[in-house]
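Position 153 (the sequence shown) corresponds to 152 in numbering that gives the first Met the number 0; numbering is contiguous. Inspection log for the structure reproduced underneath, given as structure tokens.
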Amino acid sequence: MLSVRHLLFVLSVSSVFALNVSAQESPKPGPEHQKLKELEGTWDATMKFGDAESKGTMIYKMDLGGLWLTSDFRGEFGGEKFAGKGLDGYDPAKKKYISVWVDSMITSPLMTEGTFDKEGKVLTQTGEGPGPDGKPMKMKMVTEHKGKDAMLFTMFAPGPDGKEAAMFSISYKRRK
Numbered sequence: 000m001l002s003v004r005h006l007l008f009v010l011s012v013s014s015v016f017a018l019n020v021s022a023q024e025s026p027k028p029g030p031e032h033q034k035l036k037e038l039e040g041t042w043d044a045t046m047k048f049g050d051a052e053s054k055g056t057m058i059y060k061m062d063l064g065g066l067w068l069t070s071d072f073r074g075e076f077g078g079e080k081f082a083g084k085g086l087d088g089y090d091p092a093k094k095k096y097i098s099v100w101v102d103s104m105i106t107s108p109l110m111t112e113g114t115f116d117k118e119g120k121v122l123t124q125t126g127e128g129p130g131p132d133g134k135p136m137k138m139k140m141v142t143e144h145k146g147k148d149a150m151l152f153t154m155f156a157p158g159p160d161g162k163e164a165a166m167f168s169i170s171y172k173r174r175k
């Protein structure tokens, strides 16, 4: 049975915690989040991997109070159905855009961070994710915004010679 002293202690700790939580202001979306919001909509995708080409669709939507851009990709890759989901946001402490990506071909998330160029047209992110052998591999992703209705995504990773090489690219066109 709880003693009165124990009960008073629990109540006082709970009230201090409640005061601290209510005093904190929720984060608000900033201009960096607005940049992500510009991607909202449905995009037709053409993936190129060597000589192979396949089609897909990406749907972007701002969510979670306008702090996160969610992405939902559906398509085909190598003759098989392919699906992926992502979260993109902005970390004001790091002053970097951050991303988490998972898909139907990997069992560990790909986590990246990076910045836009001075013109705000090219986002370059780096991170580590599962390589073809399942082991962690350093990667670089470059997204070139070619107007408000087109962009080109390219993923780079170390090639057989250890030098950075393009692994694949995806051309996106906004569906009207």
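Where a beta carbon is used, it is the ideal one built from N, C-alpha and C, also for glycine.
_Contacting residues, own chain, Cβ-Cβ under 6 Å from Lys139 (five flanking each side not counted)_ = So the qualifying residues of the chain are Thr125, Phe155.
_DSSP beta-bridge partners of Thr154_ = The question names Thr, but residue 154 in the sequence shown is Met. Answer is Met140, Phe167, bridged to Met154.
_Please state whether the Cβ-Cβ distance between Thr56 and Gly83 is less than 8 Å._
No, the pair does not count as a contact, with Cβ atoms beyond the cut-off.
*Based on Cα-Cα distance, which residue from Tyr171, Gly146, Val141 lies nearest to Glu163?*
Val141
_Can you look up Ser35 in the DSSP assignment and give me helix, strand or coil?_
Checking the displayed sequence, the identity of residue 35 turns out to be Leu instead of Ser. Helix.
*Sequence-distant residues of the same chain with beta carbon closer than 7 Å to Phe115, five excluded per side*: Excluding the 5 residues flanking it on each side, Phe115 has same chain C-beta neighbours closer than 7 Å at Val121, Leu122, in chain order.
_Could you compute how far the alpha carbon of Gly133 sits from the alpha carbon of Trp42?_
One C-alpha to the other measures close to 29 Å.
*Between which two residues does the beta strand (DSSP E) carrying Lys84 extend?*
79-90
*What's the gap between the Cα of Leu68 and the Cα of Glu79?*
26 Å
*So is Leu35 buried or exposed if we call it buried at 16+ other beta carbons inside 10 Å?*
In the assembly as shown, Leu35 is a buried residue. Its beta-carbon has 16 or more other beta-carbons within 10 Å.
*Ser70 bridges to which residues according to DSSP?*
Tyr59, Gly85
*Does DSSP classify Pro129 as helix, strand or coil?*
strand
*asked:* Between which residues of its own chain and Asp62 is the CB-CB distance below 8 Å, once the five residues before and five after are set aside?
replied: Same-chain partners within the cutoff: Leu68, Thr69.
*Residue closest to Pro28, alpha-carbon to alpha-carbon, out of Leu66, Asp148, Lys54, Gly113*: Leu66
*asked:* Suppose contacts are defined by Cβ-Cβ distances below 8 Å. Is Ser107 in contact with Gly77 by that definition?
replied: no
*Give the DSSP bridge partners of Gln124, in chain order.*
Gly113, Met140
_For Phe81 and Gly110, believed in contact at Cβ under 8 Å, the rounded distance_ = Inspection of the sequence shows that residue 110 is occupied by Met rather than by Gly. With a Cβ gap of about 20 Å, Met110 and Phe81 do not count as contacting.
_Closest Cα partner of Tyr89 within the set Lys117, Glu112, Thr45_ = Glu112
_Less than 6 Å between C-beta atoms, sequence neighbours within five positions excluded: which residues of the same chain meet that for Arg174?_
Thr41, Asp43
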